[in-house]
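As given, the protein sequences belong to chains Y and Z, one line each in that order.
Residue numbering for the first sequence is 2 to 909, as defined by my numbering.
Residue numbering for the second sequence is 57 to 169, as defined by my numbering.
Each remark here refers to the structure printed beneath this line.
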Amino acid sequence: MAQDWQNYVRRHLPPLRLGAEREIEIVAELAEHLEAAYEDALAEGASEEQANARALALVSDWQLLECELSRAEHSTFAAWRNSSDGDLIAPSHEPKKGAFTMDSLFKDIQYSLRVLLKNPGVSVIAVIALALGIGANTAVFSIVNALVLRPLAFPEVERIAAVYEDVRSDGNDRHELTVANYLDLRAQNQTFEHLALYRWWSVNLTGTGEPERLQGYLVTANLPDALGMKPALGRSFLPDEDQAGKPKSVILTHGLWQRRFGGDANIIGQTIGLNGVAHTIVGVMPPEFNYPRGAELIAPFEFTPQLSAGRGSHSYLAIGRLKPGVAVEQAQNDLAAIARRLEQQYPNENAGRGVKVYPLLADTVRLYKAASFVLMAAVGFVLLIACANVANLLLARASVRFKEVAIRMAMGANRRRIVQQLLTESVILALIGGVLGVLLAIWGVSALKAALPAEVFQFVPGINNLVVNRQALWFTLALSVLTGLLFGITPALQASKPDLNETLKEGGKTSAGGKRHRLLSALVVAEIALSLMLLIGAGLMMKGFLNLLKANPGFQGENVLTMSLMLPRAKYPEAPQRANFYQELLRNVSSLPGVESAAVVNYLPLGMSNSSNSFLIEGRPAPPPGQEWNGRYRVCSPQYFETMGITLLKGRAFNEQDNADAPRVAIVNETLAKHFWPAEDAIGKRIRFDGEPERNPWMQIVGVIADVHHDLNSPMRPEYYLPHAQDPWNSMVLVARTSAEPTALTPAIRNEVLAIDRDQPVFDIRTMQQVRERATIMHRFSAGLFGLFAAIALLLAAVGIYGVMSYQVSRRTHEIGVRLALGASRGNVLTMVIRRGMLLAVFGTGIGLIGAAGIAKALKALMAELVVADVFTFVAVSLLLLAVAFAACFIPAFRATKVDPMAALRCE
Amino acid sequence: MVRALDKELKKGSTEMLIMALVEDRPRHGYEIAKLIGERSDGVLQFHVASLYPLLYRMEKRGWIKGQWVEKAGQRRRRYYKLTAAGQKVLAEQRTTWNDFFAALDRVARITTS
Chain Y
2 MAQDWQNYVR
12 RHLPPLRLGA
22 EREIEIVAEL
32 AEHLEAAYED
42 ALAEGASEEQ
52 ANARALALVS
62 DWQLLECELS
72 RAEHSTFAAW
82 RNSSDGDLIA
92 PSHEPKKGAF
102 TMDSLFKDIQ
112 YSLRVLLKNP
122 GVSVIAVIAL
132 ALGIGANTAV
142 FSIVNALVLR
152 PLAFPEVERI
162 AAVYEDVRSD
172 GNDRHELTVA
182 NYLDLRAQNQ
192 TFEHLALYRW
202 WSVNLTGTGE
212 PERLQGYLVT
222 ANLPDALGMK
232 PALGRSFLPD
242 EDQAGKPKSV
252 ILTHGLWQRR
262 FGGDANIIGQ
272 TIGLNGVAHT
282 IVGVMPPEFN
292 YPRGAELIAP
302 FEFTPQLSAG
312 RGSHSYLAIG
322 RLKPGVAVEQ
332 AQNDLAAIAR
342 RLEQQYPNEN
352 AGRGVKVYPL
362 LADTVRLYKA
372 ASFVLMAAVG
382 FVLLIACANV
392 ANLLLARASV
402 RFKEVAIRMA
412 MGANRRRIVQ
422 QLLTESVILA
432 LIGGVLGVLL
442 AIWGVSALKA
452 ALPAEVFQFV
462 PGINNLVVNR
472 QALWFTLALS
482 VLTGLLFGIT
492 PALQASKPDL
502 NETLKEGGKT
512 SAGGKRHRLL
522 SALVVAEIAL
532 SLMLLIGAGL
542 MMKGFLNLLK
552 ANPGFQGENV
562 LTMSLMLPRA
572 KYPEAPQRAN
582 FYQELLRNVS
592 SLPGVESAAV
602 VNYLPLGMSN
612 SSNSFLIEGR
622 PAPPPGQEWN
632 GRYRVCSPQY
642 FETMGITLLK
652 GRAFNEQDNA
662 DAPRVAIVNE
672 TLAKHFWPAE
682 DAIGKRIRFD
692 GEPERNPWMQ
702 IVGVIADVHH
712 DLNSPMRPEY
722 YLPHAQDPWN
732 SMVLVARTSA
742 EPTALTPAIR
752 NEVLAIDRDQ
762 PVFDIRTMQQ
772 VRERATIMHR
782 FSAGLFGLFA
792 AIALLLAAVG
802 IYGVMSYQVS
812 RRTHEIGVRL
822 ALGASRGNVL
832 TMVIRRGMLL
842 AVFGTGIGLI
852 GAAGIAKALK
862 ALMAELVVAD
872 VFTFVAVSLL
882 LLAVAFAACF
892 IPAFRATKVD
902 PMAALRCE
Chain Z
57 MVRALDKELK
67 KGSTEMLIMA
77 LVEDRPRHGY
87 EIAKLIGERS
97 DGVLQFHVAS
107 LYPLLYRMEK
117 RGWIKGQWVE
127 KAGQRRRRYY
137 KLTAAGQKVL
147 AEQRTTWNDF
157 FAALDRVARI
167 TTS
């Protein structure tokens, strides 16, 4: 019986959703084909039934036919040209089996570039994610490289060690040495080639233009030898140039020579005035000389018999160059043995004082090391998240590429060859990301340098070398390749083992199902966990930083101008001269219009300099050697507490009557008063410096002030203040409370100084606000960077979740169609998709919370104000991340509800 | 290998085969499929699901042109003929494949005749 072939085709072919006319045409053509086959079979002698069967067998899968026809009809020329299969036909293209040659690599690169250009969307997102991740890592690596890995450019730097006094009672193993102890160590040790001593030396430079205050160091003549440095110009110090009675000489640093002397090649032999004493310039150091910290010039000590015998003044630092082959531990044992002998020999001065030797490099970087590694870890996380993101994208694309891979394998390419090609693709992506990342890093590092204040460059060793240098480029290259392999390997392995039979079958599924979904889900969970850890870390640091800013420092810093002065001892040798200078200056400054009150103090709060001394209490036995009572002490003028807004709790402030002829007085802080007189009134009690009674008379406590924070990261310590008139330091900081903008008064105050002494420079002119900002700069810096990295991480995580959810929704179109067809509501579908995504988010958040608790503890070491168990931050940040995850799920979920059940069921 | 060849032909060389078959005179779809099968001794087989989508694509590209023709005593059929653009593409593809086979032959001596 003859079929109505048109009717047959119309019944079996699902609607093509084309124009009615075109659809009729296609049905007619297909029917004609079947009919022709039927008639051929009959002509060949087949029975009607057989002929019918043969014709019907020509189309076994009507769904497939409909899909293929729809695609052909909707396709455009460009789309066809760009279908990835289009390339596979090029006959000369198929590589040799498994052979890795430059040629195959070159082909892979060409091919990869074409594939990447064909998916510009995926490629651009991947490159941006990678550029952010790699760029952040390059920038932080550059910082760590400059500050931690190679801050000191001395030959054989590993042989240089720092030597400290170990004060066991204090738990302070980085205490300054005395000159006499140093000389003993130097004479008796067996392990050092050179052992050198130095001390901070603040100098006024005169005799050449404007007076200027410089940062100098007094050093032993062998300090350049200990560092292994020779002057680039002139000579080093002669071995006995630090002995008494020698002509005064000085070596300039490269920076000072350039800045102050214009790089004058004939500078050697010229004379300059340092603190009023003529010094001959004998040498200029090369640019890489950057030790001791912030040095602008170095000059030899003058070891008078009195100085050499000193075992009381602990204000000297030592470094030494070890003999070749000697380890730091050997030097430690050697010097410790000498220190034990000195303890027995001089029990009054040396009891409880040992020696500690540290490698200089480790000692120099210890302040930045922890912060650097936390930053490294943070950017490492960012990069891991970026990798997870890109891996997600590639995994999703891997399924699209199954057919391509299957064809290549069928054509004879082996799996290794395929993996090689796919990895080439991801490494190329990573390298492009790396190039952009380097640009980002260069920009970031210069922005950072522009934001840092000048003294950071003077005092943070190595920061002058902070650039994205060749090491950073090597690092980035290695990192990029590694990154490419890291995010590429899983998708490549996945894509390279399709089931050939299954995939090549027309209409075969284009992905390997469950395993890939689990991988994607694991990546999303990891991304969310890592992001949460970073975000909580950043949140805690920001909050700690805010606590730091909010903490009452114990003074009122608004409208206070500060500037430093240092009267040269050569010009002001006598105490009354110094006292008179400052008294006259304060009288004049106080009467300036706009100045409410003015005072001087030796060290500013938060100024990062302190001075401490042990003391005795009247009526109490002296504590045994090694357990002295220690307190910071400060020297100030009468108006100081009023000017700084420091609260006087009890008694009185200093006044004009507390002069050199009056009985000695002191004011103590609350901590000292409570510690030593917990149940009594401290007022009226007497204390004195530990030392000879004739030179250290009793001082009566006349007032108690509220505690003032002198640095941010350490607990409050006992403090006592002395009137400047009774202890006239030469180096003081002037503080002036003003009625208007403080800096406007700078010229007027400077003029008052020059009116008294026209050679006297002022320096470090800052408002108290600036002093405070500077004290928090490292915190601000760390919190800011951490916050930036966390923001990048959040963005990347959001993109990652969105990408994976979109992909899963598109994979599940069929299933969603079935559900909708079976009566599921749009709401059900929405809930289902979001639930799936949020399950991953909640899981990731759980893991992230555990990790964040560990991170919080590590960060506590960086910032004392940080509260580890800050439930609010943990909860708030988790909610933020979950909200972002929800938004990232919602869009694909909403799209899922728009699935047309009929369309979804037909295709696929 | 047959499967791989099948795949490849469908994707690339089939276009050339089809164009070569309709070069001399217009042919309908069934005839094209049959001729490919016969002339390749059954090595190359065409499914309906591959043939017509490919014909429609080639038509869209302007390489071939289909036209309904009703000849006396026959059913109404759609005949495809080569366009000018198709002629150019065919010539190019012939050169490419010629070079390719020549290369293969030089290397692997595959010519059977």
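Think of the CB as a built atom: it goes at the ideal place given N, C-alpha and C, for glycine as much as any other residue.
Note that the coordinates shown come from a computational prediction; the quantities given were computed from them, not determined experimentally.
8 Å CB neighbourhood of residue i in its chain, flanking five on each side removed
{"i": "P454/Y", "result": "R775, I778"}
{"i": "T672/Y", "result": "D708, M717, R718, P719, E720"}
{"i": "A888/Y", "result": "A799"}
Interface flag, residue i vs chain Y, CB-CB below 8 Å
{"i": "P109/Z", "result": "yes"}
{"i": "V58/Z", "result": "The predicted position of V58/Z is uncertain, since its pLDDT is 43 and thus under 50; a value taken from the coordinates is nonetheless stated next. No, its Cβ sits nowhere closer than 8 Å to a Cβ of chain Y."}
{"i": "Y135/Z", "result": "no"}
{"i": "G85/Z", "result": "yes"}
Min CB distance residue i to chain Z below 8 Å
{"i": "E30/Y", "result": "yes"}
{"i": "L70/Y", "result": "yes"}
{"i": "D62/Y", "result": "yes"}
{"i": "H75/Y", "result": "no"}
{"i": "R115/Y", "result": "no"}
{"i": "H13/Y", "result": "no"}
{"i": "H34/Y", "result": "yes"}
{"i": "L65/Y", "result": "yes"}
{"i": "L59/Y", "result": "yes"}
{"i": "A496/Y", "result": "no"}
{"i": "A37/Y", "result": "yes"}
Own chain, CB closer than 7 Å to residue i, minus 5 neighbours either side, in chain order
{"i": "A749/Y", "result": "L593"}
{"i": "P762/Y", "result": "N205, P212, E213, R214"}
{"i": "R781/Y", "result": "F546"}
Best match in the options for proximity to residue i [C-alpha to C-alpha]
{"i": "S1/Y", "options": "G246/Y, K249/Y, A222/Y, S638/Y", "result": "Within the shown structure, residues of chain Y are numbered from 2 to 909, placing residue 1/Y beyond reach of any answer."}
{"i": "V819/Y", "options": "I419/Y, V900/Y, V406/Y", "result": "V900/Y"}
{"i": "G85/Z", "options": "G118/Z, Y136/Z, E94/Z", "result": "Y136/Z"}
{"i": "G538/Y", "options": "F382/Y, G264/Y, E330/Y", "result": "F382/Y"}
{"i": "N8/Y", "options": "A21/Y, I25/Y, L17/Y", "result": "I25/Y"}
{"i": "I252/Y", "options": "G246/Y, F873/Y, M230/Y", "result": "M230/Y"}
{"i": "E405/Y", "options": "Q244/Y, G632/Y, A493/Y, A337/Y", "result": "A493/Y"}
{"i": "G685/Y", "options": "H711/Y, K651/Y, R696/Y", "result": "K651/Y"}
{"i": "P306/Y", "options": "L131/Y, E528/Y, A245/Y", "result": "A245/Y"}
{"i": "R836/Y", "options": "L117/Y, A894/Y, N656/Y, L394/Y", "result": "A894/Y"}
{"i": "S96/Z", "options": "T70/Z, P82/Z, K121/Z", "result": "T70/Z"}
{"i": "R55/Y", "options": "A38/Y, H725/Y, L65/Y, L449/Y", "result": "A38/Y"}
{"i": "E693/Y", "options": "S615/Y, A737/Y, D265/Y", "result": "S615/Y"}
{"i": "A571/Y", "options": "N548/Y, W201/Y, S48/Y, G274/Y", "result": "G274/Y"}
Anticipated Cβ contact below 8 Å, residue i with residue j, distance rounded
{"i": "A227/Y", "j": "H176/Y", "result": "Not a contact, Cβ separation roughly 20 Å."}
{"i": "S250/Y", "j": "A300/Y", "result": "7 Å"}
{"i": "A73/Y", "j": "R113/Z", "result": "5 Å"}
{"i": "R312/Y", "j": "T179/Y", "result": "5 Å"}
{"i": "L441/Y", "j": "A132/Y", "result": "6 Å"}
Close beta carbons around residue i, own chain, < 6 Å, minus the five adjacent residues each side
{"i": "P937/Y", "result": "Outside the shown range of chain Y (2 to 909) lies residue 937/Y, about which nothing can therefore be said."}
{"i": "I487/Y", "result": "Correcting the residue identity first, residue 487/Y is Leu in this sequence and not Ile. Hits under 6 Å: C388."}
{"i": "Q422/Y", "result": "D109"}
{"i": "Q628/Y", "result": "S170"}
{"i": "G646/Y", "result": "F556, Q557"}
{"i": "R11/Y", "result": "V28"}
Where the segment 99 to 130 of chain Z meets chain Y: residues whose CB sits under 9 Å from a CB there: H103, V104, A105, S106, L107, Y108, P109, L110, L111, Y112, R113, K116, R117, G118, G122, W124
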